[in-house]
Amino acid sequence: MNRRFLFVLGSSRSEGNTELLAREAAEQLPADVEQRWIDLAEHPLPDFEDLRHDSDHVRPTDGSTALLLDATLAATDIVIASPLYWYSLSAHTKRYLDHWSGWLRTPGINFKATLAGRTLWGVTALAHEESEVADPLIGTLNHSAAYMGMRFGGVLLGNGSRPGDVLHDLDALARAKTFFAQEPPLARFPYEAS
Ligand SMILES: Cc1cc2nc3c(=O)[nH]c(=O)nc-3n(C[C@H](O)[C@H](O)[C@H](O)COP(=O)(O)O)c2cc1C
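Quick note: the sequence shown uses the UniProt record's numbering, first residue 1, plus one each step.
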């Protein structure tokens with residue numbers, strides 16, 4: 001099956017450090033790998049409404065929710081490109097993941113079975129020099145992938161505050177060159193044996 005990468009951009013500004021770093025990594029993807037880029041600021045999702053225990057979620061047919069659901073189902077690889085906001089995911093990105101909870105219970109799409117075995121990746125820019133402050137974001141993505149039965153490719157981290165700063169983070173640019181070349185394992189919760 002040809003790889004199809006979906007890049008979900010979750011910054012509150014366009015062409016910021018996260019997107020720049022994601023584009024550096026994406027440049028290395030082979031030409032036959034499809035790339036789709038969706039900016040959540042341009043395609044805002046409504047606040048997630050938790051209907052799980054009241055009634056069935058209904059498959060969205062138009063608007064940003066349908067666009068993102070269809071793009072997510074079609075992707076072999078989902079790249080969450082979120083800046084580090086308060087040590088975790090941006091609100092745009094978190095809302096996208098919250099919608100997964102609805103899609104898990106939407107009849108007729110087999111959301112979990114479809115995503116199982118596919119790969120979740122992260123790209124994030126942060127202002128802090130010490131990258132371990134991004135551990136909450138990394139944990140969120142790893143555990144989400146484990147819950148979904150997905151592979152987890154890890155998070156490509158880059159440093160920067162103002163847009164463009166990340167292009168001076170030479171270590172991050174070097175990591176970007178090979179980031180998507182890995183073959184990631186199935187994600188595991190920390191309490192599971194690897
Ligand atoms: C709402 C908000 C919260 C932030 N929280 C953090 C943080 O917790 N840790 C950090 O290192 N940088 C934090 N930053 C800085 C951004 O991560 C940094 O500017 C990054 O380069 C932004 O990525 P972008 O250019 O892709 O938007 C925050 C910025 C904003 C606007």
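Just so it is clear, CB atoms sit at the ideal spot from N, CA and C, and this is done for glycine as well.
Report task. Kindly examine ligand 1 and report whether one of its heavy atoms sits closer than 6 Å to the Cβ of P60. Result -> Residue numbering aside, residue 60 sits at position 60 when the sequence shown is read from its first letter. Result no, Cβ not under 6 Å from ligand 1.
Query raised in the report: N17 to R52, Cα distance in whole Å?
Result: Along the sequence shown, read from residue 1 onward, the residue named residue 17 stands at position 17. Along the sequence shown, read from residue 1 onward, the residue named residue 52 stands at position 52. Rounded to the nearest angstrom, the two C-alpha atoms are 36 Å apart.
Report task. Please confirm whether V155 and I138 have their CB atoms less than 7 Å apart. Result -> Along the sequence shown, one-based indexing puts residue 155 at 155. Along the sequence shown, one-based indexing puts residue 138 at 138. Result yes, Cβ atoms of V155 and I138 sit closer than 7 Å.
Query raised in the report: Span of the beta strand (DSSP E) holding E34?
Result: Within the sequence shown, the letter at position 34 stands for residue 34. Where E34 is concerned, the enclosing beta strand (DSSP E) stretches over E34 to D39.
**Report entry** Cβ pair P83, S11 closer than 7 Å
**Finding:** In the sequence shown, the residue the question calls residue 83 occupies position 83. In the sequence shown, the residue the question calls residue 11 occupies position 11. In contact: P83 and S11 (Cβ atoms closer than 7 Å).
Report task. Check whether the segment 126-144 touches the segment 64-72, taking contact to mean three or more Cβ pairs, one atom from each stretch, closer than 8 Å. Result -> The answer is no - the segment 64-72 does not touch the segment 126-144, with fewer than three Cβ pairs under 8 Å.
Query raised in the report: Between which two residues does the beta strand (DSSP E) harbouring I80 extend?
Result: As a working note, residue 80 is residue 80 in the sequence shown. Where I80 is concerned, the enclosing beta strand (DSSP E) stretches over D77 to A81.
Report task. Report all residues from its chain with a CB closer than 7 Å to the CB of residue 277; omit the five preceding and five following residues, and keep chain order. Result -> Here the chain comprises residues numbered 1 to 194, so residue 277 is not present and cannot be evaluated.
Query raised in the report: Is there a Cβ from chain B that is less than 7 Å from the Cβ of H128?
Result: No chain B appears in the structure shown, which is made up of a single protein chain.
**Report entry** Extent of the continuous alpha helix (DSSP H) run through W103
**Finding:** Indexing the sequence shown from 1 puts residue 103 at position 103. Here the alpha helix (DSSP H) through W103 covers A91 to W103.
Query raised in the report: Would you call the segment 55-65 and the segment 78-92 touching, i.e. three or more CB-CB distances under 8 Å?
Result: Verdict: no, contact absent.
Query raised in the report: Would V8 be called buried (16 or more neighbouring beta carbons within 10 Å of its own) or exposed?
Result: Taking the first residue of the sequence shown as 1, we reach residue 8 at position 8. Buried is the call here.
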